[in-house]
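Scroll down for the structure; my scribbles are underneath it.
Numbering (the UniProt record's numbering), first residue to last: 1 to 376.
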């Protein structure tokens, strides 16, 4: 039985022995090892690798030492220099003036270098800088003459001044108005206005910053699409969710069934809903009580229950013996799965189950077992 080696090497718990073997394996193994946060002992050697992909992975590794980064900043391959530019050490700001635009664009995501690239000659570099959180608020402006992409980015930016965002809330393009409606920094009065916009209303009503008092008023006279949007708002009040749980429209009940703030009595009632989508949403709800999850598993909702982040370890152990590969794969991925259950699943005949373990299991012994037979 084999396991995907790349998944093993992407696991933060990958044992040092496997990383050492990968660092001296084929190009794919070396690239994966070079990206691992615990590969520090081998990064210096991998930085000299003949494969540009390996050197690029070293440059992008957050554990890479400044001295190695300084050497890679001089690399002949622009992809390697671009990887360095995103996390440049002090003294290497010259990558903001690299002759290759892709390298400068990578530098534009760096808070140290972003401000030096606001007026770059290349549009792609300027566009990248425009999206940076540290972009100067006084320069975050947009007019009807600007292209659609620029207006959307400015409308989405958390640092855009409130007056600019208020103007963009009246933009002729729905994409721009929806970007304003989605922005968590948008003020409550602007969101309330957008709740009357046929194209941006649902987005505004899902924004946690939408005024709570107005949310309740909107729910009273809204159509089913807007009621469902309110029910999906992370800040939706439990009392509203209890009302949505008995809504005549199935899409609204589905939204309430999936909301972690839905009261337990309402959620229990939704688990008996005649609509399959509603019951499935209740089974995935992270606020569902353990007893309800067990009942849903007995009723055939095993896969949805196994994906539920609140699923208890004891129930996961029971589900690990199910004959459906997809259920066992979900158990293998679950952070609450017990060590003994993971050890059992390491010998599962299904490749997808073993690959799920390879990527997520924190037990080095299990990972070493899964690595047997892998091609390095």
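Backbone N, C-alpha and C fix where the C-beta goes; we use that ideal spot for every residue, glycine too.
Where residue 335 is concerned, there is no enclosing alpha helix (DSSP H), because DSSP gives it neither an H nor an E. Counting along the chain, the unbroken alpha helix (DSSP H) around residue 42 starts and ends at 40–46. With the rule of 3 Cβ pairs closer than 8 Å, the region 51–65 counts as touching the region 82–99.
Around the C-beta of residue 24, fewer than 16 other C-beta atoms lie within 10 Å, and the residue is accordingly described as exposed. Between residue 248 and residue 229, the gap from beta carbon to beta carbon reaches 9 Å or more.
Around residue 179, the same chain offers 152, 155, 156 as residues with beta carbons nearer than 6 Å, after the five sequence neighbours per side are excluded. A direct Cα-to-Cα measurement between residue 296 and residue 67 gives close to 56 Å. Every alpha helix (DSSP H) stretch that sits fully inside the region 245–278 and reaches 4 residues is listed by chain position as 250–258, 264–270. In the structure shown, residue 230 adopts helical secondary structure according to DSSP, grouped into three states. Pairing residue 330 with residue 356 gives a Cβ-Cβ distance under 9 Å. Exclusion of the five residues before and after residue 96 leaves 104, 107, 113, 116, 117 as the residues of its chain whose Cβ lies within less than 7 Å of its Cβ.
The Cβ atoms of residue 367 and residue 8 sit closer than 9 Å to each other. Annotation: the region 46–128 contains no complete segment of the beta strand (DSSP E) (minimum length 3 residues). Following the DSSP letters along the chain, one finds residue 195 in no alpha helix (DSSP H), marked with neither H nor E. Of all alpha-carbon atoms in 135, 119, 100, the one lying nearest the alpha-carbon of residue 110 is that of 135. Ranked by Cα distance from residue 43, the first of 28, 200, 69 is 69.
In the displayed model, residue 214 falls within a helix according to three-state DSSP.
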